[in-house]
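Encoded as structure tokens, the structure appears first; notes follow it.
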Amino acid sequence: MRDECIHLSSFFQTVHIKVEHLIAKVEYKGTEYYFNADIVGGVFGSGKAEEFEMKDRGIYIPLWLPIYELEKVNIKPYEVVGSIFNHYKK
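Shown next, in the form of structure tokens:
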């Protein structure tokens, strides 16, 4: 969990979010956690985290999407989209 905390720390320096609860925990090239969250301040996508700097791995473009647009995006692993839809149907 320490690595996730470091990553979130660099993210929080740019944007302030309110994390509600865990929606999905997925094993995909490691363990990934998906949370329900709302932006409450800052500027999304303007950070200096390492994923912005790794030019040899393609382009990193952060997205904050409305839930209804998730089906239009190539999300990996795709089954997380179903978990998100199921969460918000409740």
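Each number in my numbering comes from the position in the sequence shown (counting from 1) with 484 added on.
No residue lacks a Cβ here, since even glycine has one placed at the ideal position from N, Cα and C.
Computed from a prediction, not measured in an experiment: that's the story for all the values here.
Residue pairing by DSSP leaves Val527 without any beta bridge partner. Look at the beta carbons and you see the segment 552-567 touching the segment 507-522: at least three pairs across the two are nearer than 8 angstroms. Per DSSP, the unbroken beta strand (DSSP E) holding Glu504 starts and ends at Val499 to Glu511. Annotated three-state conformation of Asn520 is strand, per DSSP.
Per DSSP, the unbroken alpha helix (DSSP H) holding Tyr572 starts and ends at Glu563 to Lys573.
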